[in-house]
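Below is one structure, written out as structure tokens; comments come after it.
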Amino acid sequence: MRFIFKTDYDQDIRLAKHGGQVFWYSALLLFMLAAPWLLPEYWLAQLTFVLIYAVIGVGLMLLAGFTGQFSLGHAAFVGVGAYAQAVLTNAGLPFPLAMVCAALLAAAAGVVVGLPALRLKGIYLGIATLAFGFIVEEIFARWESVTGGNAGMHVKAPAIFGWTIDSGEGFYFICLITAVLATLAIVNLLRSSTGRAFVAIRDSEVSAQSMGIHLARYKTLAFALSAALAGIGGALYAHKMRFLSPDQFSIIQSIDLLLMVVIGGLGSVHGAFLGAIFLIAMPQIISMVKDYLPDAIGQAPGLQAVVYGSVLIAFVLFEPLGLYGRWLKVRTWLQMFPFYRRGMFKRQKSFQKSDRLK
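In this note's numbering, the protein residues as written are 60 to 417.
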């Protein structure tokens, strides 16, 4: 006779906690599969960019949101993956194999950055990654025999088993499959002992080390995995743009990527997707609204940067958990309505621990 005991742990290890999540995620997946037949070509292209940036955002979220290691030069890893994919694809290597090589090369670059940065944290780590970004951008511009320099280089269409994917619909499905696989990989990683070690390092390095967590090993691993996903996103970006130049991977792009995960919601996989939607949708919204503004404001060259900065300041002051944190509050309000209490969704005051005690 066999006895089967169902514990809370059995529910914790499941990807979907209840039937509602299964329903909504299934509905979302069905919509994404039907998107090429439901959306015009332009909006399908924007959705493809959302998926590409979501892959990059999931990797950066693993590094910044779950391990607490901020990177101000993450666009360099995207550029390494993009140029590696372009060079290998133009040389005749199949698309899947070229993407694997691009991910491995970007991961190697992540290890190169992660090892010297082991003793750095906070703003000093940001400065180190910023310097790496400047170095890589300069290499892209100077290594003309490989990257084409400032003149740029063209990228061939991806080919799988002799089938050239030159349509927007076919490439969209490649990006969708890649985004789903990357998300599932990160979600399962975070549920493992490695993921719990990452979170422990983020919360307190001293406590994590006292529990036997090897800080150097896990920090380097976080940089490598994050850079690998950035390289995969860069490979997709290269085929989507079909043309690469060094200014596409500048410090501005790195700041946009960090802005994406902060506004989306640090410490949540959902935040990577919400941040990618924000990053792609905001320029479209600005271009539609600026026609109704006075010329002195609407035609100002730095309008987008001002809007981005204002939005970031607003989120830091009023919603530090980002778009996903706001959604959690709205969901809780809907669940408790009409029995919610006034003021329960106001931001709670919190105090940052000293870096000396982390």
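We put the beta carbon where it would ideally sit given N, CA and C, even for glycine.
Please read these numbers as outputs of a predicted model, since none were measured by experiment.
- Query: CB-CB under 8 Å to residue 195, same chain, minus the five flanking residues each way: which ones, in chain order?
  - Reply: Exclusion of the five residues before and after residue 195 leaves 132, 135, 138, 139, 168, 308 as the residues of its chain whose Cβ lies within less than 8 Å of its Cβ.
- Task: Report the three-state DSSP secondary structure of residue 18 (helix, strand or coil).
- Result: The question about residue 18 has no answer here: the residues shown for the chain are numbered 60 through 417.
- First and last residue of the uninterrupted alpha helix (DSSP H) at residue 277: 274-300
- How is the alpha helix (DSSP H) around residue 270 delimited, first residue to last? Per DSSP, residue 270 belongs to no alpha helix (DSSP H) and is neither H nor E.
- Task: Using beta-carbon positions only, say whether residue 331 and residue 145 come within less than 8 Å of one another.
- Result: Not in contact: residue 331 and residue 145 (Cβ atoms no closer than 8 Å).
- Query: Is the Cβ-Cβ distance between residue 113 and residue 290 less than 8 Å?
  - Reply: Result no, Cβ atoms of residue 113 and residue 290 do not sit closer than 8 Å.
- Any idea if residue 391 is buried or exposed, counting beta-carbon neighbours within 10 angstroms, 16 or more meaning buried? exposed
- Query: Can you tell me whether DSSP reads residue 218 as helix, strand or coil?
  - Reply: strand
- Using the rule of at least 16 other Cβ atoms within 10 Å of the residue's Cβ for burial, across every protein chain shown, is residue 347 buried or exposed? exposed
- Task: Just confirm the distance between the C-beta atoms of residue 199 and residue 142, as a whole number of angstroms; I'd bet it's less than 8 Å.
- Result: Between residue 142 and residue 199 the Cβ distance is about 7 Å, and since that is below 8 Å, they are a contact.
- Query: Quick one: is residue 313 buried, meaning 16 or more other Cβ sit within 10 Å of its Cβ, or exposed?
  - Reply: buried
- Message: I need the straight-line Cα distance from residue 123 to residue 148, nearest angstrom please.
- Response: 31 Å
- Item | Whole alpha helix (DSSP H) elements within the segment 146-206, 4-residue minimum | Counting whole runs of 4 or more residues, the segment 146-206 contains the alpha helix (DSSP H) stretches 154-173, 182-201, 203-206.
- Beta-carbon proximity of residue 95 to residue 228, cut-off 8 Å: yes
- Task: Mind checking which residues open and close the alpha helix (DSSP H) that includes residue 123?
- Result: Looking at the DSSP string, residue 123 is not in any alpha helix (DSSP H), and its letter there is neither H nor E.
- Message: I need the DSSP call for residue 87, collapsed to helix, strand or coil.
- Response: helix
- So what's residue 393 in DSSP terms, helix, strand or just coil? helix
- What are the start and end residues of the alpha helix (DSSP H) that includes residue 225? Judged by DSSP secondary structure, residue 225 falls outside any alpha helix (DSSP H); it is assigned neither H nor E.
- Query: Can you give the Cα-Cα distance for residue 187 and residue 201, rounded to whole angstroms?
  - Reply: Taking the straight line from one Cα to the other gives about 21 Å.
- Task: Run the CB neighbour count on residue 223, radius 10 Å, all protein chains shown included, and call it buried at 16 or more, exposed below.
- Result: exposed
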